[in-house]
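All remarks here apply to the structure that follows.
Protein chains in written order, with the numbering used here: chain L, 1 to 239; chain S, 1001 to 1241.
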């Protein structure tokens, strides 16, 4: 226990913010930045792909389905290797490890989030789209004004769940030496050499605390959304 | 106004509509009834192309509904459709439900849309609920809003697909009253409904369907007093009990 406290005292800052502000930001802060950036960038893409999966346009269906199936059949680590070698080929210059990781995370996350979006759309009553189309709204207007606002709202708990797995997935960035939390812990361990158990207990604890708190948040949000969904049923019962 | 010519529809092997030939004239109120699964909902859903047909032709004012030159959104904007399950948009206020289509399809200003919406909500007796959200309304109120929402597009014809079947009995009257008022204003209406009282009071004609075919056409009095076809006789006696 004393060891753990010592490690936290000596390396706590390194684990939480890396060399910041003297050097680049790292540690837990970078982990959260990676996860958030991954979510923010993959969200619009996943809406596009998720809608494409159930589009009336067969080409859109084929392309988006192929994307989802391929990405979901590959390990994230492999996507990182691919991004590491392919992104420089495409844009013609080397890229930082950070960019590589973000690209890989966004591709990976988009495939999973797209399925969340698709499921949320399919979960809406068919009558919503029918009513909108019957009024003369186009397919896109119906998506934008009627389907997506409801589906994405209902999908908030699932999206947060994806975010939790994203937080954990950022740890693979360690493999290409991006200085996020796992890599920081790895560095600390390399300096101390004799205390791997303590270092990795700290690492596990940090991930646990973050993800556990996020999980509680999901439960809370689920409850709120559940109550707001109960309203129509209550009104019908009273009717 | 609406003409069905030799219309056939299949769901796979299942023959959902069997050689339908009907004409609905302007200002006419036609009630379609029949046992469940007889194809009556399918029939009115073919009019605004919610259901495609495999054979025959449906025209509205001479325009082929399924014609390749028809803009389906424009077509639908001229046909009011009221659903059994209301299908109000739960994330929009009552007023927004009514304003949405005029603003998006006819591109009218928010102010004009709001004025029209308030007039229509007033007409269905729900102006005071304009800023409520649909889930907080009773079924009867939701259906009246749904009617106002359809009327906001100023359609020359209104289709009703069992508008009162999902309602508790004591709420049926308020919806039927709105529909009766519409009929008295000369609206062309096709209503799938089992409400005998409504049919008697406002329908010009009753069409009886079974197994995807029209078996009988009659005035409401004739249909409910003296049904001719054996299946219509059974149906009329069944809904009386």
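Glycine included, every Cβ here is placed at the ideal spot set by N, Cα and C.
Cutoff 7 Å; reference residue i; Cβ partners in own chain excluding five residues on either side
i: residue 1166 of chain S; result: 1084, 1085 and 1139
i: residue 1228 of chain S; result: 1216
i: residue 1230 of chain S; result: none
Below-8 Å beta-carbon distance, residue i vs any chain L residue
i: residue 1223 of chain S; result: no
i: residue 1100 of chain S; result: yes
i: residue 1177 of chain S; result: no
i: residue 1085 of chain S; result: yes
i: residue 1195 of chain S; result: no
i: residue 1074 of chain S; result: yes
i: residue 1089 of chain S; result: yes
i: residue 1205 of chain S; result: no
i: residue 1063 of chain S; result: no
i: residue 1126 of chain S; result: no
i: residue 1144 of chain S; result: no
i: residue 1050 of chain S; result: yes
i: residue 1184 of chain S; result: no
i: residue 1077 of chain S; result: yes
i: residue 1114 of chain S; result: no
i: residue 1001 of chain S; result: no
i: residue 1105 of chain S; result: yes
i: residue 1081 of chain S; result: yes
i: residue 1153 of chain S; result: yes
Residue i, buried or exposed, once every other Cβ within 10 Å from all chains shown has been counted against 16
i: residue 234 of chain L; result: Its pLDDT being 45, under 50, residue 234 of chain L is placed unreliably by the model, and the measurement read from it follows with that caveat. It is exposed - the Cβ of residue 234 of chain L has fewer than 16 other Cβ atoms within 10 Å.
i: residue 237 of chain L; result: Residue placement at residue 237 of chain L is poorly supported in this model, since its pLDDT is 44, which falls under 50; the coordinates are not used for a value here.
i: residue 10 of chain L; result: exposed
i: residue 1028 of chain S; result: buried
i: residue 1174 of chain S; result: buried
i: residue 40 of chain L; result: exposed
i: residue 1226 of chain S; result: exposed
i: residue 1048 of chain S; result: buried
i: residue 92 of chain L; result: exposed
i: residue 215 of chain L; result: exposed
i: residue 1155 of chain S; result: buried
i: residue 140 of chain L; result: exposed
i: residue 1220 of chain S; result: buried
i: residue 66 of chain L; result: exposed
Chain S within 8 Å of residue i, Cβ atoms only
i: residue 180 of chain L; result: no
i: residue 137 of chain L; result: yes
i: residue 134 of chain L; result: yes
i: residue 146 of chain L; result: yes
i: residue 131 of chain L; result: yes
i: residue 239 of chain L; result: Per-residue confidence for residue 239 of chain L stands at a pLDDT of 40, beneath the threshold of 50, marking its modelled position as unreliable; the derived number appears in the next sentence. Chain S, which has a Cβ nearer than 8 Å to the Cβ of residue 239 of chain L, makes this yes.
i: residue 149 of chain L; result: yes
i: residue 162 of chain L; result: no
i: residue 128 of chain L; result: yes
i: residue 141 of chain L; result: yes
i: residue 235 of chain L; result: Reliability of the predicted coordinates at residue 235 of chain L is poor, the pLDDT of 45 falling under 50, and the value obtained from them is presented with this limitation in mind. Residue 235 of chain L counts as touching chain S.
Segment limits, alpha helix (DSSP H) that includes residue i
i: residue 1118 of chain S; result: 1110-1123
i: residue 6 of chain L; result: 2-17
i: residue 161 of chain L; result: 156-169
Own chain residues within Cβ distance below 6 Å of residue i, not counting five before or after
i: residue 132 of chain L; result: 142 and 146
i: residue 1023 of chain S; result: 1003
i: residue 1172 of chain S; result: 1164
i: residue 1187 of chain S; result: 1158
i: residue 1053 of chain S; result: 1007, 1009 and 1046
i: residue 1060 of chain S; result: 1002
i: residue 1134 of chain S; result: 1088, 1090 and 1142
i: residue 1239 of chain S; result: 1194
i: residue 213 of chain L; result: none
i: residue 244 of chain L; result: Coverage of chain L is limited to positions 1 through 239, which leaves residue 244 of chain L absent and any answer about it impossible.
i: residue 19 of chain L; result: none
N- and C-terminal bounds of the beta strand (DSSP E) containing residue i
i: residue 137 of chain L; result: Where residue 137 of chain L is concerned, there is no enclosing beta strand (DSSP E), given that its DSSP letter is neither H nor E.
i: residue 1210 of chain S; result: 1205-1210
i: residue 1158 of chain S; result: 1157-1161
i: residue 1022 of chain S; result: 1014-1024
i: residue 1153 of chain S; result: Looking at the DSSP string, residue 1153 of chain S is not in any beta strand (DSSP E), and its letter there is neither H nor E.
i: residue 1216 of chain S; result: 1213-1218
i: residue 1071 of chain S; result: Unbroken run through residue 1071 of chain S: none, as it is neither H nor E.
i: residue 143 of chain L; result: That residue, residue 143 of chain L, is in no beta strand (DSSP E); it is neither H nor E in DSSP.
i: residue 27 of chain L; result: It is not in any beta strand (DSSP E) - residue 27 of chain L instead sits in the alpha helix (DSSP H) that spans 27-53.
i: residue 1004 of chain S; result: 1002-1011
Contacting residues, own chain, Cβ-Cβ under 8 Å from residue i (five flanking each side not counted)
i: residue 1179 of chain S; result: 1147, 1160, 1163, 1189, 1191, 1198 and 1202
CB contact below 8 Å: residue i versus chain C
i: residue 184 of chain L; result: Given the protein chain composition of this structure (L and S), no chain C is represented.
- [ ] Mind the definition here: the stretch 1065-1082 of chain S touches the stretch 1120-1135 of chain S only if three or more C-beta pairs lie below 8 Å; say whether that holds.
- [x] no
Task: At least three beta-carbon pairs within less than 8 Å, the stretch 171-182 of chain L to the stretch 109-126 of chain L - done: no
Open item on the list: I'd like to know if the stretch 1-20 of chain L and the stretch 191-200 of chain L are in contact, where contact means that at least 3 CB-CB pairs between them fall below 8 Å.
Closed with: yes
Task: Segment contact flag, the stretch 103-110 of chain L with the stretch 37-51 of chain L, C-beta cutoff 8 Å, min 3 pairs - done: yes
Open item on the list: Contact between the stretch 146-164 of chain L and the stretch 1106-1115 of chain S is defined here as three or more beta-carbon pairs at a separation below 8 Å; is this criterion met?
Closed with: no
Open item on the list: When you compare the stretch 107-118 of chain L with the stretch 44-56 of chain L, are there three or more beta-carbon pairs, one atom per stretch, that lie closer than 8 Å?
Closed with: yes
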